[in-house]
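Novice: In the working numbering, the protein residues as written are 6 to 289. Let me begin by handing over the structure; questions about it come next.
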């Protein structure tokens, strides 16, 4: 109960000093730059379920830029809290130099990069197997919708709530696990990234399901993440996201043509978009 109360409080329980305002501005500027880089790398690609993710090098650059764009605004309170505590420890002769804050962010991104590589490997393995039953007009649409519905269900689980509490309570998280020095900053970034992954992996799976290379779907998932982590009503935000995901998943499974902003593989092929289709649809 205490954890739930802590998690419902504001994620930034201190007045921003000038240095922290500058750090916040830098994080938001990097997020904006990452959105621009992501848009440029996607190059107007048609985003559909099961679309080709491209070569590993291309995918990694897009994925890291996506994570910075989507996550930096919501992780900013924890970064600011880490920097504040780091500076306080340094004033007492125990803390690390300011570059430890950059290492904290790097550790956070390393976790999401590893998760993205794992997702890429699994995705490409399924594409290589090319099971015919996953064609869009067969089981593909139901698999896509099912992934989104599963993400909705995960929103209501105790594990999701526990991870969200950690993400919304940077002071509690950092005080319990504080490590001095640069390596300590990197380790804390990795630990926080792991909690964030536990909180948001299902939302990212939903993004994979509808089509990874879409700024519109990226923006929607990023808004879900920011709302859960930053709004003062975490439980209401979490349940609202669950309801929206449930409606979206059922819509994709049964009436995909009526889902705003959603492109089916068949539509992409009719428009000359190439060979897509829940990972398996082929040109015929």
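Beta carbons: idealized from backbone N, C-alpha and C, even for Gly. For clarity, every value in this text was computed on a predicted model and none was experimentally measured.
If you follow the alpha helix (DSSP H) that residue 106 is in, where does it begin and where does it stop?
Specialist: Residues 104-134.
Novice: Following the continuous alpha helix (DSSP H) through residue 83, name the residue where it begins and the one where it ends.
Specialist: Residue 83 -> alpha helix (DSSP H) spans 61-96.
Novice: Straight-line CA distance for residue 166 to residue 79?
Specialist: Whole-angstrom Cα-Cα distance: 16 Å.
Novice: Counting only runs of 4+ residues fully inside the stretch 133-199, write out the alpha helix (DSSP H) ranges in chain order.
Specialist: Correct list: 146-159, 163-173 and 175-182.
Novice: Alpha carbon to alpha carbon, how far is residue 231 from residue 187? Give it in angstroms, no decimals.
Specialist: The straight-line gap from Cα to Cα measures roughly 28 Å.
Novice: Could you tell me if residue 264 is buried or exposed, where buried requires 16 or more neighbouring beta carbons within 10 angstroms of its beta carbon?
Specialist: Under this definition residue 264 is a buried residue.
Novice: Using beta carbons (cut-off 8 Å, strictly below), is residue 77 in contact with chain D?
Specialist: Of the protein chains in this structure there is only one, and it is not chain D.
Novice: Are residue 153 and residue 70 closer than 8 Å when you measure CB to CB?
Specialist: Not in contact: residue 153 and residue 70 (Cβ atoms no closer than 8 Å).
Novice: Please classify residue 73 as buried or exposed, where buried requires at least 16 neighbouring CB atoms within 10 angstroms.
Specialist: It counts as buried.
Novice: To the nearest angstrom, how far is it from the Cα of residue 235 to the Cα of residue 183?
Specialist: Each residue's Cα considered, the two are about 23 Å apart.
Novice: When the distance is taken between beta carbons, is residue 40 closer than 8 Å to residue 121?
Specialist: The answer is no: Cβ separation not under 8 Å.
Novice: Over what stretch of residues does the alpha helix (DSSP H) that includes residue 227 continue unbroken?
Specialist: Note, residue 227: alpha helix (DSSP H), 220-235.
Novice: For residue 255 and residue 127, what's the separation of their Cα atoms in angstroms?
Specialist: The straight-line gap from Cα to Cα measures roughly 24 Å.
Novice: If we call anything under 8 Å between Cβ atoms a contact, is residue 112 one with residue 181?
Specialist: The answer is no: Cβ separation not under 8 Å.
Novice: What residue range is occupied by the uninterrupted alpha helix (DSSP H) comprising residue 259?
Specialist: Per DSSP, residue 259 belongs to the alpha helix (DSSP H) from 239-259.
Novice: Take residue 196 and list the residues in its own chain whose beta-carbon comes closer than 7 Å to its own, dropping the five residues that flank it on each side.
Specialist: So the list reads 182, once near-sequence residues are dropped.
Novice: Is it the case that the Cβ atoms of residue 190 and residue 81 are separated by a distance below 8 Å?
Specialist: Result no, Cβ atoms of residue 190 and residue 81 do not sit closer than 8 Å.
Novice: Tell me which residue opens and which closes the alpha helix (DSSP H) that residue 47 is part of.
Specialist: Residues 23-47.
Novice: Is the stretch 80-98 close to the stretch 138-155, with three or more CB pairs under 8 Å?
Specialist: Contact between the stretch 80-98 and the stretch 138-155 is absent, because fewer than three Cβ pairs lie under 8 Å.
Novice: Out of 125, 94, 88 and 119, state which residue places its alpha-carbon closest to the alpha-carbon of residue 108.
Specialist: For the residues 125, 94, 88 and 119, the minimum Cα distance to residue 108 belongs to 88.
Novice: Using 8 Å as the threshold, is the C-beta distance between residue 85 and residue 28 below it?
Specialist: In this structure, residue 28 lies closer than 8 Å to residue 85 by Cβ.
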